[in-house]
Amino acid sequence: MKRLRVGVVGAGAWGRNHVRTVAGLAEAELAAVCDTDPKVREKVARQYPAALVTADVPALLGAVDAVIVASPAATHAAIAQQAVDAGKPVLVEKPFALNGRDAEAIARRSAERKVPVLAGHLLVYHPAVERLRDLVQNGELGRVFYLYGLRVNLGQVRKDENALWSFGPHDVSVALYLLGEQPVRVAAHGKSYLQPAIEDVVFLTMEFASGVLAHVQLSWLDPHKERKLTVVGAKKMVVFDDMEPREKLRIYDKGVDRPPEYGSFGESLAIREGDIFIPRLPAVEPLAAELAHFVRAAQGREAPRATAEDGVRVVRVLEAASRSLARGGAPEVP
399 MKRLRVGVVG AGAWGRNHVR TVAGLAEAEL AAVCDTDPKV REKVARQYPA
449 ALVTADVPAL LGAVDAVIVA SPAATHAAIA QQAVDAGKPV LVEKPFALNG
499 RDAEAIARRS AERKVPVLAG HLLVYHPAVE RLRDLVQNGE LGRVFYLYGL
549 RVNLGQVRKD ENALWSFGPH DVSVALYLLG EQPVRVAAHG KSYLQPAIED
599 VVFLTMEFAS GVLAHVQLSW LDPHKERKLT VVGAKKMVVF DDMEPREKLR
649 IYDKGVDRPP EYGSFGESLA IREGDIFIPR LPAVEPLAAE LAHFVRAAQG
699 REAPRATAED GVRVVRVLEA ASRSLARGGA PEVP
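Take any residue in the sequence shown, count from 1 to its spot, add 398: that is its number in this note's numbering.
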């Protein structure tokens with residue numbers, strides 16, 4: 399099959415990783431890169447002389463078969479719809495959009511034009527998250543009670559979005575992917591310490607109809623760099639630590655059992671301390687896996703894993719969390 403000509407809109411701090419990864423894919427060709435910064439364009443042109451380097455989105459659309467939108471978040475909706483109107487499959491980086499209205503407009507345009515749009519939910523392509531989802535869905539953990547995540551670092555401080563919108567899409571998308579359901583209530587508390595009206599730390603809580611409770615701490619103002627998720631089930635518990643170089647997933651055969659108390663009408667609680675299992679996971683870069691999947695989805699060879707509708711669902715949660723932030727943590731319905 400002919401290599402897919404891919405264009406990347408936005409070659410900044412994260413966009414340049416898309417540029418590098420696309421250039422290394424066997425089934426794709428880095429055909430064009432668009433950026434408004436002349437210094438960025440000059441650097442990209444030196445590194446990838448065979449690619450069209452431009453400041454003009456329509457020029458890029460005329461030179462490619464598919465588009466990755468990695469520009470500033472406020473531009474995602476407009477550029478994604480331009481690409482769909484041009485008949486180009488699109489991968490939209492997180493956040494998918496900055497409000498539900500724009501997110502739904504992208505999804506609606508995709509459905510109307512029958513052009514695939516994928517949400518850039520990177521972690522659903524992580525081998526550890528894929529394995530964790532299998533554990534949740536096949537019942538090995540038992541009933542899931544709760545999960546909590548930690549995504550903190552010192553920097554990079556954003557000027558155009560708060561910690562919720564910068565970091566939150568990762569953990570919200572993973573929670574929805576693992577559980578297969580949308581939260582029924584969302585609450586968020588946060589504070590702005592470095593810049594007015596841009597929260598540097600956010601504590602997000604999601605409640606699900608199944609009874610699962612999810613909590614996430616998000617901050618770029620923290621002494622530690624942590625990327626961790628813990629899932630607590632009735633049978634087993636799992637910790638995903640993305641900062642671990644090798645042992646990213648640990649499965650704990652631990653729990654609290656209720657053995658029957660013969661001769662009485664009550665039950666006792668017994669702590670169960672079992673083994674720790676560390677599964678061997680494929681050594682796959684999530685971004686490379688995501689973009690290889692995008693190429694196959696754009697060519698109609700695979701159904702999109704993170705769809706435009708998934709993007710809408712995550713944005714709806716973030717939007718509800720933003721309303722809760724503004725109301726001092728009052729619960730909101732996504």
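Ideal Cβ positions, reconstructed from N, Cα and C, are used throughout, including at glycine.
Asked: Span separating the alpha-carbon of R583 from that of A501; Found: 20 Å
Asked: Nearest-angstrom Cβ-Cβ length linking A426 and V693, presumed shorter than 8 Å; Found: 5 Å
Asked: Buried or exposed by the 16-neighbour rule on C-beta atoms within 10 Å, applied to F675; Found: exposed
Asked: Assumed close pair L619, V600 - CB separation to whole angstroms, cut-off 8 Å; Found: Not really, about 11 Å apart at Cβ, beyond 8 Å.
Asked: Identity of the residue in K633, A686, A696 and R678 nearest G672 by Cα; Found: K633
Asked: Cα-Cα separation between L489 and F606, rounded to whole angstroms; Found: 28 Å
Asked: Secondary structure of P493, DSSP reduced to three states; Found: coil
Asked: Validate contact between the segment 531 to 539 and the segment 506 to 518 using beta carbons, cut 8 Å, 3 pairs; Found: no
Asked: V515 in three-state terms, based on DSSP; Found: strand
Asked: 6 Å Cβ shell around A495 - same chain, five flanking residues per side excluded; Found: H474, A475, A501 and V713
Asked: Buried or exposed (CB count within 10 angstroms, at least 16 for buried), R725; Found: exposed
Asked: Collapsed DSSP secondary structure at I674 in the structure displayed; Found: strand
Asked: R656 in three-state terms, based on DSSP; Found: coil
Asked: Same chain, Cβ closer than 8 Å to L459, neighbours up to 5 away in sequence not counted; Found: G405, V465, Q480, A481, A484 and K486
Asked: Alpha-carbon spacing of G553 relative to K623, whole angstroms; Found: 9 Å
Asked: Spatial neighbours of N415 in its chain, beta-carbon cut-off 8 Å, leaving aside the 5 residues before and after; Found: L685
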